[in-house]
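> Letter by letter, the sequence shown follows residues 1 to 434 of the UniProt record's numbering.
Ideal Cβ positions, reconstructed from N, Cα and C, are used throughout, including at glycine.
Got a structure for you, written out below as structure tokens; questions coming shortly.
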Amino acid sequence: MQQPAPSTSLPERARRVIPGGVNSGQRNVPGLTDLVISRAQGASFWDSDGRQYTDYHAAFGPPLLGHNDPDVAGAVAEAGRKLDLCGVGVTEGEIELAETLVELIPSMERVLLTSTGSEATFHALRVARAVTGRRLVVKFQGCYHGWHDSVSLNVISAPERVGGKDPISTGILPEVLDATLVLRFNDPDGVRAAFAEHGADIAAVIVEPVPHNVGCLLPEQEFLQTLRDECTAHGSVLVFDEVITGIRHGLAGWQGVSGVVPDLTTMGKAIANGYPVGALGGRADLMDQFSSRPGAPVFFAGTYNGHPAVVAAALATLRKLRAEPVHEHVFRLGERVRAELPGVLAPLGVPAVVTGYGSVFVTYFMDELPRTYEDLLANDTGMFVGYRRRMVDQGIFELPLNLKRSHLSYAHTDADVDRLLEATERAVREQLAA
Ligand code: PMP
1 MQQPAPSTSL PERARRVIPG GVNSGQRNVP GLTDLVISRA QGASFWDSDG
51 RQYTDYHAAF GPPLLGHNDP DVAGAVAEAG RKLDLCGVGV TEGEIELAET
101 LVELIPSMER VLLTSTGSEA TFHALRVARA VTGRRLVVKF QGCYHGWHDS
151 VSLNVISAPE RVGGKDPIST GILPEVLDAT LVLRFNDPDG VRAAFAEHGA
201 DIAAVIVEPV PHNVGCLLPE QEFLQTLRDE CTAHGSVLVF DEVITGIRHG
251 LAGWQGVSGV VPDLTTMGKA IANGYPVGAL GGRADLMDQF SSRPGAPVFF
301 AGTYNGHPAV VAAALATLRK LRAEPVHEHV FRLGERVRAE LPGVLAPLGV
351 PAVVTGYGSV FVTYFMDELP RTYEDLLAND TGMFVGYRRR MVDQGIFELP
401 LNLKRSHLSY AHTDADVDRL LEATERAVRE QLAA
């Protein structure tokens, strides 16, 4: 095996042995291909040259408490001293975590742990197809539910691909794409029409109750209620994918905010503040179909499900979220950003709207707040990505990819928000002048 020459840079070494030099297609960010991360703490991370970035990307959402929270890190270290993974039976921690999730999340009568959100959504759709004996899954343009085939379509689609099937990958069987219907978000009439035509064949409707994979589209109550009503009327399974909204937007998730209770809920990310977790829970009659229960027919497995370190991280995270005013803090900072950024942007003469919920915010460069993915086609992509690159140059990390959202954590401060406002003004001004 050839050893790298001493002068070879870390990014070059990475690209030799890792395709593209990063471990996710979502980390392949133009302009940041040489970024090597060495440390993260609180509201910041540092690169291998020692540069500090205030982090609003937040790894796509998990660290609600901030990076490397001492209580979470301590719990993980303690768990590691006691036990790693036995792969048989159950641990006391898993029981406590399941009890906590069942207590917090209105739809959850039973819950199973996975290592990722994608696994949770995969199993949600599998059990829905199993119990209904039906073929079709409904998803919405602009929503992301993980990397598996049934949902790997119509996330961020180019204008000419909206309205058709737009797979995010090659290698997916056409018959799998055929079995997913793609509808418009916030369009109750479209949902009613799809059920009128295909209702008897729809196994599940899966939705991000707040589509955050395109920034933030706030759901209209009639839309979510229509999903609930149509699924109930036609015997289809309603899945809320709360991988982002769950815990981050409130301990009861978006179902707690909206009062619309799905049949199944998928979660991940903020539950364990950065450790690899997913959860699938819901109605007992559906969850009892999984093969974790003796004789049940829907196969369910995963070597690392309920890993003690992850469970310890989740328990420490949820304990802290319940004991300390975390939501109050991040919601207040989020309100500040959403209230004050428009005042910074307006004098610059650029069309811009700032939206979000709680700890999440996003600035779009367009005239009106978007309701649907189709509205987002008016966003000025060059401005969106360009100003964020200039933010990164100032040490403020908002991910410079189109339509990505930004996150606040318990570790961010008012002084961070002040700096964010100043940096945004400078970055947008520079981008306009470019
Ligand atoms: N659902 C939603 C709403 C997500 O945002 C994501 C991840 N961004 C997933 C599912 C998939 O989760 P994971 O990356 O942990 O597989």
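Within 10 angstroms of its Cβ, does Y37 collect 16 or more other Cβ (buried), or is it exposed?
Counting from 1 along the sequence shown, the entry for residue 37 is found at position 37. It should be pointed out that residue 37 corresponds to Ile in this sequence rather than to Tyr. Counting Cβ neighbours within 10 Å, I37 comes out exposed, since fewer than 16 surround it.
> Between P62, M383, H148, Y410, which lies nearest to A434 when the distance is taken from Cα to Cα?
Translated into the one-based positions of the sequence shown, residue 434 becomes position 434. When only C-alpha atoms are compared, the closest one is M383.
> So, at 6 Å on beta carbons, what are the nonlocal neighbours of V76 in its own chain, with the 5 sequence-adjacent residues on each side left out?
As a position in the sequence shown, residue 76 is number 76, starting the count at 1. If we look at V76 and ignore the five residues flanking it on each side, its Cβ neighbours are A309, A312, A313.
> Can you have a look at R16 and say buried or exposed, based on whether 16 or more other CB atoms are within 10 angstroms of its CB?
The residue labelled residue 16 in the question sits at position 16 within the sequence shown. By the neighbour-count rule (16 or more Cβ atoms within 10 Å), R16 is not buried but exposed.
> Examine the Cβ distances between the stretch 133 to 147 and the stretch 109 to 122 and report whether three or more of them are shorter than 8 Å.
The stretch 133 to 147, when compared against the stretch 109 to 122, does touch it at the 8 Å Cβ threshold.
> Would a C-beta distance cut-off of 8 Å place V350 and F361 closer than the cut-off?
Numbered from 1 along the sequence shown, position 350 holds the residue referred to as residue 350. Numbered from 1 along the sequence shown, position 361 holds the residue referred to as residue 361. Contact flag unset, no.
> Less than 8 Å between the beta carbons of T317 and A346, yes or no?
By one-based count along the sequence shown, residue 317 stands at place 317. By one-based count along the sequence shown, residue 346 stands at place 346. No, these two residues do not count as a Cβ contact at 8 Å.
> Between the C-alpha atoms of G80 and L217, what's the straight-line distance to the nearest angstrom?
Numbered from its first residue, the sequence shown carries residue 80 at position 80. Numbered from its first residue, the sequence shown carries residue 217 at position 217. Taking the straight line from one Cα to the other gives about 40 Å.
> Drop a sphere of 10 angstroms on the beta-carbon of L408, count the other beta-carbons inside from all chains shown, and report buried for 16 or more, exposed for fewer.
Here residue 408 corresponds to residue number 408 of the sequence shown, with the count starting at 1. When all chains shown are included, L408 counts as buried.
> Using beta-carbon positions only, say whether T135 and D201 come within less than 8 Å of one another.
By 1-based counting over the sequence shown, the position of residue 135 is 135. By 1-based counting over the sequence shown, the position of residue 201 is 201. It is worth fixing the name first, because residue 135 is Arg in this sequence and not Thr. For R135 and D201, yes; Cβs fall inside 8 Å.
> Looking at R389: is its Cβ nearer than 8 Å to the Cβ of G31?
Translated into positions along the sequence shown, residue 389 becomes position 389. Translated into positions along the sequence shown, residue 31 becomes position 31. Yes, these two residues count as a Cβ contact at 8 Å.
> Buried or exposed: where does C231 fall if 16 or more other Cβ atoms within 10 Å of its Cβ makes it buried?
Taking the sequence shown and counting its residues from 1, the one referred to as residue 231 is at position 231. So C231 ends up on the buried side.
> Quick one: what's got a C-beta closer than 7 Å to W254's C-beta in the same chain, skipping five residues either side?
In the sequence shown, residue 254 corresponds to position 254, counting from 1. Counting only Cβ-Cβ distances below 7 Å, and skipping sequence neighbours, we find P209, V210, F240, E242, T245.
> In three-state DSSP terms, what is S315?
Within the sequence shown, numbered from 1, the residue matching residue 315 stands at position 315. Residue identity check: residue 315 is Leu in the sequence provided, not Ser. Helix, per DSSP.
> Can you tell me which of I172, L177, R184, S152 puts its alpha carbon nearest to the alpha carbon of V162?
Walking along the sequence shown from the start, residue 162 turns up at place 162. Of the candidates I172, L177, R184, S152, the one whose C-alpha sits nearest the C-alpha of V162 is R184.
> Return yes when the Cβ of L177 is within less than 8 Å of the Cβ of L153, no when it is not.
As a first step, residue 153 is located in the sequence shown; it is residue number 153 there, counting from the start. As a first step, residue 177 is located in the sequence shown; it is residue number 177 there, counting from the start. Cβ distance < 8 Å, so L153 and L177 count as in contact.
> Please state whether the Cβ-Cβ distance between G61 and A270 is less than 8 Å.
Taking the sequence shown and counting its residues from 1, the one referred to as residue 61 is at position 61. Taking the sequence shown and counting its residues from 1, the one referred to as residue 270 is at position 270. It is a contact, given that the beta carbons lie within the stated cut-off.
> Here's a check: name, in chain order, each residue in its chain whose Cβ is nearer than 8 Å to the Cβ of S291, leaving out the five neighbours to either side.
Your numbering for residue 291 matches position 291 in the sequence shown. Once the five neighbours on either side are set aside, the close Cβ partners of S291 are P297, V298, F299, F300, A301.
> Return yes when at least one heavy atom of ligand 1 lies under 7 Å from the C-beta of H145, else no.
Here residue 145 refers to the residue found at position 145 of the sequence shown. Flag set: Cβ of H145 near ligand 1.
> Assuming the contact rule is C-beta atoms closer than 8 Å, F397 and H67 should be a hit. Round their C-beta distance to whole Å, please.
The count along the sequence shown starts at 1 and reaches residue 397 at position 397. The count along the sequence shown starts at 1 and reaches residue 67 at position 67. Incorrect: roughly 12 Å between the Cβ atoms, too far for contact.
> Using a Cβ-Cβ cutoff of less than 6 Å, which residues in the same chain neighbour A98 once the five nearest sequence positions on both sides are dropped?
Residue numbering aside, residue 98 sits at position 98 when the sequence shown is read from its first letter. The answer, listed in chain order, is V111.
> Apply the 10 Å Cβ neighbour rule to R39 and answer buried if 16 or more other Cβ atoms are within range, or exposed otherwise.
In the sequence shown, the residue the question calls residue 39 occupies position 39. So R39 ends up on the exposed side.
> At what residues does the alpha helix (DSSP H) containing A284 begin and finish?
Position 284 of the sequence shown, counted from the first residue, corresponds to residue 284. Per DSSP, A284 belongs to the alpha helix (DSSP H) from 284 to 287.
> Mind checking who I202 pairs with in its DSSP beta bridge?
Locating residue 202 in the sequence shown gives position 202, where the first residue counts as 1. I202 pairs with L136.
> Could you name each continuous beta strand (DSSP E) segment of 3 residues or more that falls completely within the stretch 223 to 278, going from the start of the chain to the end?
Listed in chain order, the complete beta strand (DSSP E) runs (minimum 3 residues) inside the stretch 223 to 278 are 237 to 241, 264 to 268.
> Does DSSP put L153 in a helix, in a strand, or in coil?
As a position in the sequence shown, residue 153 is number 153, starting the count at 1. Looking at L153 - three-state DSSP - the assignment turns out to be strand.
> Quick one: which unbroken beta strand (DSSP E) runs of 3-plus residues sit fully inside the stretch 82 to 148? Chain order, please.
Counting only runs of 3 or more, we get 110 to 114, 136 to 140.
> Can you give the Cα-Cα distance for L369 and E78, rounded to whole angstroms?
Within the sequence shown, numbered from 1, the residue matching residue 369 stands at position 369. Within the sequence shown, numbered from 1, the residue matching residue 78 stands at position 78. Each residue's Cα considered, the two are about 47 Å apart.
> Got a sec: does ligand 1 put a non-hydrogen atom nearer than 7 Å to the Cβ of F60?
Here residue 60 refers to the residue found at position 60 of the sequence shown. For ligand 1, at least one heavy atom lies less than 7 Å from the Cβ of F60.
> State yes or no: is the C-beta of A204 within less than 8 Å of the C-beta of S236?
The sequence position of residue 204 within the sequence shown is 204, counting from 1. The sequence position of residue 236 within the sequence shown is 236, counting from 1. Yes, these two residues count as a Cβ contact at 8 Å.
> In whole angstroms, what is the alpha-carbon distance linking R129 and P262?
Counting from one through the sequence shown, the residue named residue 129 turns up at place 129. Counting from one through the sequence shown, the residue named residue 262 turns up at place 262. When rounded, the distance between both Cα atoms is 16 Å.
> Does D55 come out as helix, strand or coil in the three-state DSSP assignment?
Taking the first residue of the sequence shown as position 1, residue 55 is located at position 55. In this structure, D55 counts as strand in the three-state DSSP scheme.
> Mapping DSSP to helix, strand and coil, what is Y364?
To locate residue 364, count along the sequence shown from 1; it is residue 364. If DSSP states are grouped into helix, strand and coil, Y364 belongs with the strands.
> Just to confirm the assignment, what range does the beta strand (DSSP E) spanning F45 have?
In the sequence shown, the residue the question calls residue 45 occupies position 45. First-last of the beta strand (DSSP E) with F45: 44 to 47.
> Give me whichever residues DSSP pairs with residue 438 in a beta bridge.
Nothing about residue 438 can be reported from this structure: the residues present for the chain run from 1 to 434 only.
> Starting from G21, follow the beta strand (DSSP E) in both directions and report where the run begins and ends.
Counting from one through the sequence shown, the residue named residue 21 turns up at place 21. It is not in any beta strand (DSSP E) - G21 carries neither H nor E in the DSSP assignment.
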